[in-house]
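First the structure, in the form of structure tokens, and then the observations on it.
Number of protein chains: 4
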Amino acid sequence: MKSVAIMTSGGDAAGMNPAIKCAVEYSIQKGLRPYLVYDGLKGLIDGNIHAASVIDTADIIHRGGTILRSSRSKRFFDYEYRKQAYEHLQRLGVESLIVIGGDGSFAALQQFYKDFKVPFAGIPATIDNDIPCTDYCLGVDTALNVIRQSVDSIRDTGQSFSRAFVIEVMGRDCGYLAMASALACSADICIAPELPYDLDAIGERLRKRRVAGERYFSAVVAEGTGMGEYLTRWMSDTLNMDARLTTLGHVQRGGSPTVRDRVMANEFAVAAVDSLLAGHKDHICVYNYGNWGYKTIDEVKSSKAKLGANLLSLCQGLSK
Amino acid sequence: MKSVAIMTSGGDAAGMNPAIKCAVEYSIQKGLRPYLVYDGLKGLIDGNIHAASVIDTADIIHRGGTILRSSRSKRFFDYEYRKQAYEHLQRLGVESLIVIGGDGSFAALQQFYKDFKVPFAGIPATIDNDIPCTDYCLGVDTALNVIRQSVDSIRDTGQSFSRAFVIEVMGRDCGYLAMASALACSADICIAPELPYDLDAIGERLRKRRVAGERYFSAVVAEGTGMGEYLTRWMSDTLNMDARLTTLGHVQRGGSPTVRDRVMANEFAVAAVDSLLAGHKDHICVYNYGNWGYKTIDEVKSSKAKLGANLLSLCQGLSK
Amino acid sequence: MKSVAIMTSGGDAAGMNPAIKCAVEYSIQKGLRPYLVYDGLKGLIDGNIHAASVIDTADIIHRGGTILRSSRSKRFFDYEYRKQAYEHLQRLGVESLIVIGGDGSFAALQQFYKDFKVPFAGIPATIDNDIPCTDYCLGVDTALNVIRQSVDSIRDTGQSFSRAFVIEVMGRDCGYLAMASALACSADICIAPELPYDLDAIGERLRKRRVAGERYFSAVVAEGTGMGEYLTRWMSDTLNMDARLTTLGHVQRGGSPTVRDRVMANEFAVAAVDSLLAGHKDHICVYNYGNWGYKTIDEVKSSKAKLGANLLSLCQGLSK
Amino acid sequence: MKSVAIMTSGGDAAGMNPAIKCAVEYSIQKGLRPYLVYDGLKGLIDGNIHAASVIDTADIIHRGGTILRSSRSKRFFDYEYRKQAYEHLQRLGVESLIVIGGDGSFAALQQFYKDFKVPFAGIPATIDNDIPCTDYCLGVDTALNVIRQSVDSIRDTGQSFSRAFVIEVMGRDCGYLAMASALACSADICIAPELPYDLDAIGERLRKRRVAGERYFSAVVAEGTGMGEYLTRWMSDTLNMDARLTTLGHVQRGGSPTVRDRVMANEFAVAAVDSLLAGHKDHICVYNYGNWGYKTIDEVKSSKAKLGANLLSLCQGLSK
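Those protein sequences? They're chains A, B, C and D, same order as listed.
Position 113 of the first sequence, counting from 1, maps to 112 under numbering that gives the first Met the number 0, and the rest follow consecutively.
Position 107 of the second sequence, counting from 1, maps to 106 under numbering that gives the first Met the number 0, and the rest follow consecutively.
Position 256 of the third sequence, counting from 1, maps to 255 under numbering that gives the first Met the number 0, and the rest follow consecutively.
Position 94 of the fourth sequence, counting from 1, maps to 93 under numbering that gives the first Met the number 0, and the rest follow consecutively.
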């Protein structure tokens with residue numbers, strides 16, 4: 000194998016840029032010619048693929064988002080378009096792919112591998128931290144720190160005004176962001192898919208503290224639970240105080256990557272290049288209990304994302 | 000006059016804490032005994048008023064919100080409660096008040112002055128920058144910088160994903176926040192009460208740039224216009240691209256005060272103490288074209304907040 | 000006049016990028032062809048000058064430094080090299096210049112105007128805020144907020160450990176940064192060129208507070224006074240506590256521009272283009288008491304930078 | 000065991016406050032009476048020990064430093080003073096201690112345990128990340144992100160001005176901070192105690208890139224190597240460009256704790272209380288490869304801090 004093309008796909012996440020940069024540099028160090036695919040699967044189909052040098056990625060380590068841009072592409076489900084993508088790669092002499100993205104993107108690349116035998120390595124990147132088989136997905140730490148700054152900021156006004164605040168964070172089926180940020184920001188309530196909640200118990204707990212003189216309460220809610228507005232009204236009624244909902248939205252996706260995301264990006268990029276050099280065909284780089292490893296896309300697809308036992312345990316008290 | 004009580008009232012704003020701190024210190028320097036009123040008008044009625052020393056405010060200059068807390072109080076409209084407040088002040092020997100807040104709070108204190116001849120000085124503080132007769136209200140610069148960080152952050156993801164973003168910022172009748180942040184973040188559209196807009200012209204302008212290859216568009220909308228959701232759909236339809244709405248909400252009120260808000264807080268606090276020492280009874284400290292002055296509450300009430308001509312002119316191109 | 004070239008020169012400052020962006024856009028709006036000069040005076044001599052479109056500056060408003068880079072050039076003192084620069088401009092049809100920088104750069108451009116009649120407009124930009132005739136220089140607000148974050152951060156550790164801290168900030172002959180940040184961060188001592196100090200009085204003032212139980216003291220020193228190390232030892236001896244010096248250094252020059260610097264950059268850029276269109280030949284855009292105006296470079300050179308009376312007065316108590 | 004006193008000791012680090020908060024709350028949850036020791040070992044000797052409620056620690060999770068303050072105390076080496084400390088604990092009925100600090104503090108508490116049989120649990124906290132037997136010490140992630148912001152900020156000016164920058168970060172015998180931040184900020188050189196360096200090779204590597212047109216170089220140096228000034232001159236001479244040294248200093252210790260430090264603080268605090276409840280007498284909570292465990296202070300003292308193999312490997316290229 001002499002060449003590798005690097006692409007980002009799916010929802011963007013901080014840490015993609017440092018991963019791109021390190022993948023380019025480490026490829027060169029290992030004797031591979033690096034290429035960059037712009038616009039994700041769309042760019043693969045349309046041939047938006049260019050040879051890369053270290054200059055192209057020299058000044059991106061501190062930038063949020065992805066300079067390669069991303070996209071969702073229905074055309075890639077269609078064999079004809081995949082074939083077109085393959086022909087672009089062949090014409091350029093690109094022999095392998097590194098894709099930074101989510102499990103949907105990995106599945107697309109697996110099909111591509113089955114069709115045309117172009118091996119790939121996957122780097123899990125999503126702020127939801129919900130890709131099975133890995134404890135960490137690129138972008139999570141940055142998203143959490145963006146949330147923290149917002150929640151700390153809201154605390155200022157909540158305390159000044161004796162108000163309750165509900166903060167809705169991203170997370171469709173996975174409550175990782177909600178739980179970690181509730182813990183980090185010392186929220187009084189956390190509503191997440193993995194946490195059974197008992198509003199009666201919560202109400203009793205907080206009313207006691209309200210009577211004891213506490214003036215500020217906060218809740219963090221995973222958007223996937225759909226509980227934001229309901230909980231806001233419930234807090235207003237139950238605690239008899241002004242309650243407000245803030246939906247953090249897309250702010251959570253951006254921001255300069257934190258050190259953790261930059262260091263993990265380095266490690267993921269090295270693991271991905273090494274995976275291809277080791278002859279893996281469709282492996283995802285995973286990080287578990289401080290150790291690096293690989294899983295096939297089939298193993299990933301047949302697993303379920305799991306929250307750490309410690310996090311679940313630390314958050315128990317917030318949902319009852 | 001030998002004593003002054005300092006209070007915050009109305010919606011909270013960054014800069015209140017430095018203003019409290021400086022008012023305490025400068026009062027002492029001028030031979031006055033300072034007091035702190037907790038919980039705004041409510042605390043005035045309930046006698047939550049305490050003698051202050053520099054120790055009480057030693058470590059607050061960098062904190063958002065207000066350590067004195069704020070409140071809205073309907074009871075204060077009632078003479079009996081105002082009398083009760085007056086009796087608390089008399090008992091403690093408090094002879095004057097400094098109120099950091101908005102024009103509603105100033106009007107309440109004016110009635111209090113008419114009733115009981117307790118003079119006050121007002122420090123305009125609101126992130127909306129909509130108090131008449133002054134170019135600057137405490138808290139505006141911090142709010143703008145919080146908005147800037149969010150919009151810069153959203154830009155990361157917008158550019159990565161070829162998306163349009165609409166960001167709704169605070170501002171009921173005043174578009175200052177929307178216009179200044181649209182300018183500072185280089186938004187493509189700004190919708191504010193003071194700016195007549197022409198969606199057809201905007202559509203034509205942006206479609207040209209879309210055709211020329213631009214991938215990211217952003218709009219800043221003042222919440223008072225109620226245009227957030229409509230504009231988001233409009234951008235989606237008109238530019239034929241994915242468009243998302245983010246409502247920044249209460250995040251805008253918090254955060255550690257910027258240098259500008261801290262320096263202005265110092266200047267406002269000095270002006271307020273000087274106003275009382277000069278014998279003014281119901282004056283608001285105002286800042287216009289770099290000069291400090293005073294206006295009576297009647298002058299403030301009979302005026303309308305005006306945006307600077309430069310800001311209006313710089314934003315003209317964003318609404319058509 | 001049909002064309003204008005924009006350049007940055009001298010020490011870099013936040014706000015240069017937004018000024019470049021706005022100068023390009025406003026030039027086009029006014030019917031001028033904009034050019035960009037890279038590498039300052041050096042680039043002018045070497046002909047590193049390129050026609051600009053809005054695309055070139057589309058994504059720079061939030062970046063620190065200057066995408067045009069800057070330099071110091073001794074060659075520009077030499078007529079032959081200035082002539083070479085002129086020939087480059089002539090060849091490209093560039094008829095005027097906007098230079099964003101300090102008074103040294105303005106003087107260089109004035110000589111260039113005398114030689115070849117190429118008019119220019121100057122935008123004062125330096126974090127020292129020491130250019131005469133204007134209350135504000137681009138970059139100052141961002142530098143102050145970077146300093147604030149560092150000093151707030153040092154406070155955390157100072158209070159935890161009962162320590163005195165001396166923080167040295169930039170400022171050769173001008174104490175603006177030191178005074179404004181001392182005020183904003185509630186320092187106990189400020190040493191700046193404009194402030195006569197009395198160490199005996201300071202010692203007496205702080206020893207009293209030390210006896211009363213205060214555990215943390217901080218001083219801000221302008222580097223031009225050369226007092227950093229001496230004051231650190233003095234605090235250690237006089238207050239009998241551990242004292243440390245932190246020199247902030249080049250961190251102060253960088254960082255994403257604040258809203259104030261971005262808005263001022265817009266206004267300065269408009270003023271500069273308007274100056275050239277109005278037929279001014281060698282004018283500097285100035286901002287005084289909220290009003291925009293122009294001064295010739297001779298007026299600027301024959302004036303002295305002055306600190307505002309309010310700032311001086313608010314800082315009096317910090318040097319005695 | 001019915002009661003536990005919590006204290007901080009040694010150099011302060013972000014994350015101490017969340018650890019204090021969580022230790023108080025989790026103690027109560029487990030049926031213990033919590034106490035707080037102010038001023039570290041000094042406060043233990045002087046009896047500055049107070050019963051704690053959740054109110055005392057309600058608003059500290061986001062603050063840098065330690066509300067309990069810290070100190071270094073030579074008196075604690077003296078049996079008489081340790082006895083005095085013991086009598087204070089006995090009088091209050093305090094039966095165990097949690098100390099958040101470094102190995103020096105742990106050793107002091109071990110002697111205290113040998114003397115008076117007061118068991119303790121240690122939480123490793125230091126920004127140097129140099130306590131043996133644990134992969135992570137509280138405060139490291141926050142320090143790294145503070146460094147990152149400074150280095151990113153310096154990059155702005157370095158690139159604008161074609162300059163080389165040397166940034167000196169904390170770390171006496173341990174290069175963790177230097178290496179992780181060099182990696183995260185994409186420095187060109189890293190000088191750390193654990194990395195043998197070859198200046199000739201570095202010079203050759205960078206001169207090539209200089210010739211190829213690169214304008215900015217940066218180096219991160221661990222202060223313990225004493226190489227800051229030398230390397231700055233060396234870069235200036237070798238690369239023939241302006242080079243500057245910035246020593247980050249105490250800024251690195253402060254700042255609001257990151258999410259990682261807050262979550263780790265929660266986990267460490269739970270582990271410490273659990274250690275005491277399990278009957279451990281002198282154990283340190285450690286975190287290795289994602290797993291929590293305990294080591295006796297003797298095991299810690301007889302081990303050496305080790306850098307992760309991955310970090311060492313990723314940084315190899317930066318010192319030659």
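The beta-carbon is built from N, C-alpha and C at its ideal position, and this holds for glycine as well.
Best match in A/K300, A/D102, A/N128 and A/Y85 for proximity to A/Y112 [C-alpha to C-alpha]: The residue with the shortest Cα to Cα distance from A/Y112 is A/Y85.
List the endpoints of the continuous beta strand (DSSP E) containing D/T245. For D/T245, the enclosing beta strand (DSSP E) starts and ends at A242 to T246.
Contact check, B/G63 vs A/D155, beta carbons under 8 Å: Their beta carbons are under 8 Å apart, which means B/G63 touches A/D155 by this criterion.
Residue closest to D/Q83, alpha-carbon to alpha-carbon, out of D/A200, D/D114, D/G9 and D/D45: Comparing Cα positions, the closest option is D/D45.
Kindly indicate which three-state DSSP category C/N16 falls into: helix, strand or coil? If DSSP states are grouped into helix, strand and coil, C/N16 belongs with the helices.
May I ask you to list, following chain order, the residues of the region 50-71 of chain B that have a beta carbon less than 7 Å from some beta carbon of chain C? Close to chain C, meaning a Cβ-Cβ distance shorter than 7 Å, are the following residues of the region 50-71 of chain B: I60 and H61.
Length of the line joining the Cα atoms of C/A13 and C/I59: Those two C-alpha atoms are separated by around 11 Å.
Which residues, in chain order, does the region 246-273 of chain C contribute to contact with chain B at a C-beta distance below 8 Å? For the region 246-273 of chain C, which is checked against every Cβ of chain B, the residues closer than 8 Å are S255, T257, V258, R259, R261, V262, N265, E266 and V269.
Taking DSSP as the reference, what is the three-state secondary structure of D/K294? It is a strand residue.
Backbone CA spacing between B/C184 and B/G253 [nearest angstrom]: Roughly 20 Å separates the two Cα atoms.
Is C/E266 helix, strand or coil by DSSP? DSSP places C/E266 within a helical segment (H, G or I) once states are collapsed to three.
If we call anything under 8 Å between Cβ atoms a contact, is C/I48 one with C/L91? Yes. Within cutoff.
Have a look at the DSSP bridge pairing and note the partners of B/L35. DSSP, once it has assigned bridges, lists B/I5 and B/H49 as partnering B/L35.
What would DSSP say about B/A181, mapped onto helix, strand or coil? Taken through DSSP and simplified to helix, strand or coil, B/A181 comes out as helix.
Buried or exposed for D/K294, please, with buried defined as at least 16 other CB atoms from any protein chain shown within 10 angstroms of its CB. The Cβ neighbour count for D/K294, taken over all protein chains shown within 10 Å, is at least 16; the residue is labelled buried.
Could you check whether the Cβ of A/R147 sits closer than 8 Å to any Cβ belonging to chain D? Taking Cβ atoms only, chain D reaches closer than 8 Å to A/R147, which makes this a yes.
Tell me where the beta strand (DSSP E) around C/Y112 begins and ends. Careful: C/Y112 lies outside any beta strand (DSSP E), inside the alpha helix (DSSP H) at D102 to F115.
Where does the unbroken beta strand (DSSP E) through B/H282 begin, and where does it stop? For B/H282, the enclosing beta strand (DSSP E) starts and ends at D281 to N287.
Endpoints, the alpha helix (DSSP H) within which B/A308 is located: According to the DSSP assignment, B/A308 belongs to the alpha helix (DSSP H) that extends over A308 to C314.
How many Å lie between A/I97 and B/Y229 at the Cα? Approximately 40 Å, taken between the alpha carbons.
Reducing DSSP to helix, strand and coil, say where B/L230 ends up. In the structure shown, B/L230 sits in a helix (DSSP, three-state: H, G or I).
Nearest candidate by alpha-carbon position, reference A/M234, set A/G223, A/V219 and A/A4: Closest by alpha carbon: A/V219.
Hey, could you find the ends of the beta strand (DSSP E) D/A120 is sitting in? For D/A120, the enclosing beta strand (DSSP E) starts and ends at F119 to P123.
B/T231 at chain A interface by Cβ criterion, 8 Å: Chain A has no Cβ within less than 8 Å of the Cβ of B/T231.
Taking the alpha carbon of A/S52 as the point to measure from, which residue in D/C189, D/D114, D/R208 and D/V168 has its own alpha carbon closest? Checked all of D/C189, D/D114, D/R208 and D/V168; the closest Cα to A/S52 is D/R208.
Any beta-carbon of chain A closer than 8 Å to the one on D/S318? Chain A has no Cβ within less than 8 Å of the Cβ of D/S318.
Taking the alpha helix (DSSP H) that A/F164 belongs to, which residues open and close that run? First-last for A/F164: A163 to V168, but that is the beta strand (DSSP E), not the alpha helix (DSSP H).
Contact list for the region 158-172 of chain B against chain A, Cβ threshold 8 Å: Answer set for the region 158-172 of chain B: Q158, S159, F160, S161 and F164.
Cβ-Cβ separation, B/L143 to B/L176 (assumed contact under 8 Å), whole Å: So it is a contact: roughly 7 Å between Cβ atoms.
Hey, does B/L337 have any beta-carbon neighbour from chain C nearer than 8 Å? Lying before the first or after the last residue shown, residue 337 of chain B is absent from chain B, which here runs from 0 to 319.
D/T133 at chain C interface by Cβ criterion, 8 Å: Output row for D/T133: interface = no.
Simplified DSSP assignment, three categories, for B/I99: Residue state, collapsed to three classes: strand.
When the Cα atoms are used, what is the spatial distance from B/V258 to C/P192? Going by C-alpha positions, B/V258 is about 21 Å away from C/P192.
Smallest Cα separation from B/I130: which of B/A308, B/D102, B/D151 and B/K116? Residue B/D102 is the option with its Cα nearest to B/I130.
Please report how far the alpha carbon of B/V299 lies from the alpha carbon of B/A264, in whole angstroms. If you take the alpha carbons of B/V299 and B/A264, they lie about 20 Å apart.
Nearest neighbour of D/E266, chosen from A/L276, A/D236 and A/N309 [CA to CA]: In terms of Cα proximity to D/E266, the closest of A/L276, A/D236 and A/N309 is A/N309.
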